[in-house]
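Below you'll find the structure, written out as structure tokens, and then a few comments.
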């Protein structure tokens with residue numbers, strides 16, 4: 013699953029599997045788009061999940077778009093998710109960075125069973141089948157090495173700072189305290205200035221203060 017990254021410092025990853033995504037869609041916090049004749053969550057859902065998906069499709073929280081739709085335009089919107097599939101060696105992490113410039117992530121749902129792709133070939137084509145099997149046996153062990161020559165795997169998006177709903181405090185979180193400290197200093201300076209002005213304008217030109225003086229009278233005991 014791929015979705016648009018927003019405020020990762022404060023919120024982290026909103027969902028890591030299909031169940032969590034459906035929760036966000038039902039709350040109206042996210043919007044999902046699925047490509048016509050493409051990968052859809054209904055292809056891998058459990059019976060309970062499939063019912064939720066049908067309700068979300070009726071509520072227009074999961075929208076099917078034509079096959080010629082530009083995915084970049086869709087996932088460029090905040091809180092938007094689309095569905096896609098990548099090979100394991102290309103997306104080896106639970107949360108992968110697709111594009112740093114566009115803030116796109118690919119989230120691998122480990123709760124969905126791995127699906128193997130295959131092609132139907134007539135068993136009467138014995139010669140062709142033998143050639144295909146030999147080619148697969150030679151090519152498959154080195155598939156990841158050949159692929160790595162042309163495409164690098166996605167980088168991992170770090171989420172170690174977000175565990176059990178807790179956020180590790182960093183210097184960025186101290187900005188508010190710094191601003192409060194500056195505001196208190198400014199208030200102290202302003203208060204001192206007001207006191208100095210008050211003292212200055214209430215002082216007579218002859219050097220005598222207008223502040224009432226307290227007179228103590230001592231009486232001898234009788």
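Numbering (the numbering used here), first residue to last: 13 to 234.
Just so it is clear, CB atoms sit at the ideal spot from N, CA and C, and this is done for glycine as well.
- Counting only runs of at least 4 residues, the region 26-109 fully encloses the following alpha helix (DSSP H) elements, listed from N- to C-terminal order: 30-38, 59-70, 83-87.
- Spanning the alpha carbons of residue 32 and residue 206 requires a straight line of approximately 57 Å.
- Between residue 211 and residue 170, the alpha-carbon positions lie close to 59 Å from each other.
- Non-local beta-carbon contacts of residue 109 in its own chain, meaning distances under 7 Å to residues more than five positions away in sequence, involve 117, 166, 167, 169 in chain order.
- Contact between residue 81 and residue 47 is confirmed by a C-beta separation of about 7 Å, below the 8 Å threshold.
- Residue 196 carries a helical assignment under DSSP once its states are collapsed to helix, strand and coil.
- 8 Å or more divides the Cβ of residue 65 from the Cβ of residue 79.
- Taking every protein chain shown into account, the CB of residue 190 has fewer than 16 other CB atoms within 10 angstroms, so this residue is exposed.
- Less than 8 Å separates the beta-carbon of residue 28 from that of residue 106.
- A direct Cα-Cα distance of roughly 8 Å separates residue 86 from residue 94.
- Pairing residue 124 with residue 103, the inter-Cα distance amounts to about 15 Å.
- Secondary structure at residue 144: helix, using DSSP grouped into helix, strand and coil.
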